[in-house]
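*Asks:* If you want the numbering used here, it's the 1-based position in the sequence shown plus 12.
The C-beta atom is built at its ideal place from N, Cα and C for all residues, glycine as well.
If you're wondering where the values come from, they're calculated on a predicted model, not measured in any experiment.
Before we start, here is the structure in question, set down as C-alpha cells.
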Amino acid sequence: MNRKTALAFVTGLVAALPASRGAERTVQLRYQRPAQYELAAGIRKVGIAQFGGQTDLDKRWGDIAADRLAAAMDEYNRKYNRYELVDRKRLKAVLDEQDLQLAISDSASAGKVGKLAKVDAMIYGTVSAVTRDETATRTTFDPLRRGMKTVSYTKRYCMATVNFTMDEVATGKTLAAVSTKREYDSEADKKSGVAGIGQALGFGGDKLPPAEQVISKLIDECVAEFLGKISPHEVSVVEKLQKGKSKACDTGNKLATAGEYAEALECYQRAMQERPEDHGAVFNAGLMHEAQGHLTQAAELYDKAFKMEPEEQYLLARKRVRQEGGE
Numbered sequence: 013m014n015r016k017t018a019l020a021f022v023t024g025l026v027a028a029l030p031a032s033r034g035a036e037r038t039v040q041l042r043y044q045r046p047a048q049y050e051l052a053a054g055i056r057k058v059g060i061a062q063f064g065g066q067t068d069l070d071k072r073w074g075d076i077a078a079d080r081l082a083a084a085m086d087e088y089n090r091k092y093n094r095y096e097l098v099d100r101k102r103l104k105a106v107l108d109e110q111d112l113q114l115a116i117s118d119s120a121s122a123g124k125v126g127k128l129a130k131v132d133a134m135i136y137g138t139v140s141a142v143t144r145d146e147t148a149t150r151t152t153f154d155p156l157r158r159g160m161k162t163v164s165y166t167k168r169y170c171m172a173t174v175n176f177t178m179d180e181v182a183t184g185k186t187l188a189a190v191s192t193k194r195e196y197d198s199e200a201d202k203k204s205g206v207a208g209i210g211q212a213l214g215f216g217g218d219k220l221p222p223a224e225q226v227i228s229k230l231i232d233e234c235v236a237e238f239l240g241k242i243s244p245h246e247v248s249v250v251e252k253l254q255k256g257k258s259k260a261c262d263t264g265n266k267l268a269t270a271g272e273y274a275e276a277l278e279c280y281q282r283a284m285q286e287r288p289e290d291h292g293a294v295f296n297a298g299l300m301h302e303a304q305g306h307l308t309q310a311a312e313l314y315d316k317a318f319k320m321e322p323e324e325q326y327l328l329a330r331k332r333v334r335q336e337g338g339e
C-alpha cells in the first residue's frame with residue numbers, strides 16, 4: 013500500500029442475527045484516516061464549551077452535543093493520542109470562579125475562556141434540531157374483506173444541524189469551522205433499501221423510532237464528521253458477500269463471516285475453478301484479499317467481477333481499493 017493506512021477487518025451478520033439459510037452475510041472493512049485539517053502539533057490542549065441554540069430545546073441539544081463531542085474526542089484520544097482534553101467539569105469550575113458562562117458563541121469569548129482554562133484551542137458551536145410529524149394515507153389490501161382499503165399512518169421528519177468552530181487561543185485564529193447537517197425522513201428511510209436510522213435504532217416496518225432517539229443519532233453523526241476533520245479517525249464500509257453458485261462459495265461465506273479470511277479465500281478460489289463464470293465468487297475473493305491488505309490483488313478481482321457482471325457494488329469496491337492503493 014502506498015498510502016499510510018492500516019486495515020483491520022471485523023465481521024458480523026446483518027442486524028446481528030444468527031446465521032440462517034439464505035441470510036445475507038456481511039463483512040466490515042475499517043480503514044484508518046488522518047485528520048482532514050492539518051493542525052499544528054502545538055495545538056494539543058483543547059477545551060470544549062457548551063454549544064448554544066436559538067430555542068430552549070436547541071440549547072438542551074447543544075449541551076448534549078458538547079457532551080457527546082467530549083466523550084467521542086476522549087475515546088479518539090485514547091486511540092490516537094492527538095489531543096489532551098480538558099475535563100468539562102473542571103472547565104466549568106474555572107469559569108464559575110470568574111462568573112462566566114460555559115456557553116460561547118464568538119471568537120473573543122472563546123479566547124477569553126481559553127486563556128483562563130490555559131488551553132491551546134477552544135471548540136464551541138450551535139445546534140438546531142427540528143422534528144415534524146405528518147399524517148398520510150395509503151391504500152393496502154385487506155385480507156378479511158378481500159379488497160383494498162385506505163389506512164392512515166404517520167410520516168416523521170427530523171433534522172439536526174451542528175456548527176462547530178475551533179479557535180486557537182493565543183492568536184484568535186479560527187483553525188476549523190465545520191457546518192454539519194443530518195436528516196431523517198421515515199419515507200426515504202424505508203425505501204432506501206439499506207439499513208437506515210430506523211433499523212439502526214431497532215425499529216422496522218411501520219414502527220417509527222422516537223424523534224428524540226433520531227435527533228440523538230443525527231447529532232452523533234455530526235460529531236463524527238467534525239472529528240474526522242480535526243483528528244485521525246476510522247471509517248468503515250460494510251460489504252455484502254455474494255451468494256455465489258457453488259457449495260465452495262457458500263462455505264467461503266461462512267468462513268469469511270467467522271473472520272477466517274485465508275481459508276475463505278481458498279474456498280472462493282476453488283469455487284472460481286469449478287465455476288469460472290461465478291462473478292460472485294470472484295468478488296468475494298477480492299474482499300478476502302482486501303481484508304488481508306492485498307489491495308492490488310483485490311482491485312484485479314473486483315475489475316474481473318465487474319467485467320463479468322457490471323454490478324455497482326463491484327465498481328464501487330474497485331474504486332475504493334484503487335484509492336486506498338494510491339492509484
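With histidine 301 as the anchor, note down where its alpha helix (DSSP H) starts and where it stops.
*Replies:* From DSSP, the alpha helix (DSSP H) with histidine 301 extends over 291-303.
*Asks:* For aspartate 118, does the three-state DSSP call read helix, strand or coil?
*Replies:* Coil at aspartate 118, not helix or strand.
*Asks:* Taking the alpha carbon of serine 164 as the point to measure from, which residue in Gly305, Phe176, Ala83 and Thr147 has its own alpha carbon closest?
*Replies:* Per the Cα distances, Thr147.
*Asks:* Apart from the five residues on each side of it in sequence, which residues of its chain come closer than 8 Å, Cβ to Cβ, to leucine 313?
*Replies:* Excluding sequence neighbours, leucine 313 sits near Val294, Phe295, Ala297, Gly298 and His301.
*Asks:* Go through the segment 190-255 residue by residue and report every complete run of the beta strand (DSSP E) that reaches 3 residues or more, in order.
*Replies:* Entirely contained in the segment 190-255, the beta strand (DSSP E) runs reaching 3 residues are, in chain order, 245-252.
*Asks:* Please list the terminal residues of the continuous alpha helix (DSSP H) segment that includes valine 106.
*Replies:* Valine 106 -> alpha helix (DSSP H) spans 100-109.
*Asks:* Isoleucine 55 and aspartate 118 - do their beta-carbons sit closer together than 8 Å?
*Replies:* No, these two residues do not count as a Cβ contact at 8 Å.
*Asks:* Just tell me which of Gln62, Thr138 and Ala77 has its CA closest to the CA of lysine 104.
*Replies:* Considering only alpha carbons, the answer is Gln62.
*Asks:* Using the DSSP secondary-structure output, state which residues sit across from tyrosine 165 in a beta bridge.
*Replies:* In the DSSP output, where bridge partners are listed per residue, tyrosine 165 has Ala148.
*Asks:* Can you tell me whether alanine 311 is buried or exposed, with buried defined as 16 or more other CB within 10 angstroms of its CB?
*Replies:* Buried is the call here.
*Asks:* Distance check for glutamate 321 and cysteine 234, CA to CA, integer angstroms please.
*Replies:* So the two alpha carbons sit approximately 36 Å from each other.
*Asks:* Applying the 10 Å Cβ sphere with the 16-neighbour rule, what's the burial state of serine 243?
*Replies:* Counting Cβ neighbours within 10 Å, serine 243 comes out buried, since at least 16 surround it.
*Asks:* For a quick check, are the C-beta atoms of threonine 162 and threonine 151 less than 8 Å apart?
*Replies:* Yes, the Cβ-Cβ distance between threonine 162 and threonine 151 is below 8 Å.
*Asks:* Does DSSP classify glycine 126 as helix, strand or coil?
*Replies:* Helix at glycine 126.
*Asks:* Would you call the segment 65-80 in contact with the segment 256-274, where contact means no fewer than 3 C-beta pairs closer than 8 Å?
*Replies:* As far as the Cβ criterion goes, the segment 65-80 does not touch the segment 256-274, which means the pair count is below three.
*Asks:* If we call anything under 8 Å between Cβ atoms a contact, is lysine 193 one with threonine 166?
*Replies:* Not closer than 8 Å, so no.
*Asks:* Can you tell me which of Lys202, Val98 and Val333 puts its alpha carbon nearest to the alpha carbon of methionine 85?
*Replies:* Residue Val98 is the option with its Cα nearest to methionine 85.
*Asks:* When the Cα atoms are used, what is the spatial distance from lysine 252 to threonine 177?
*Replies:* Taking the straight line joining both Cα atoms gives about 37 Å.
*Asks:* Give the straight-line distance between the Cα atoms of lysine 229 and glutamine 335, rounded to the nearest whole angstrom.
*Replies:* Cα to Cα, lysine 229 sits roughly 29 Å from glutamine 335.
*Asks:* Can you give me the C-alpha to C-alpha distance between alanine 83 and isoleucine 76, rounded to a whole angstrom?
*Replies:* Using only the alpha carbons, I get a separation of about 10 Å.
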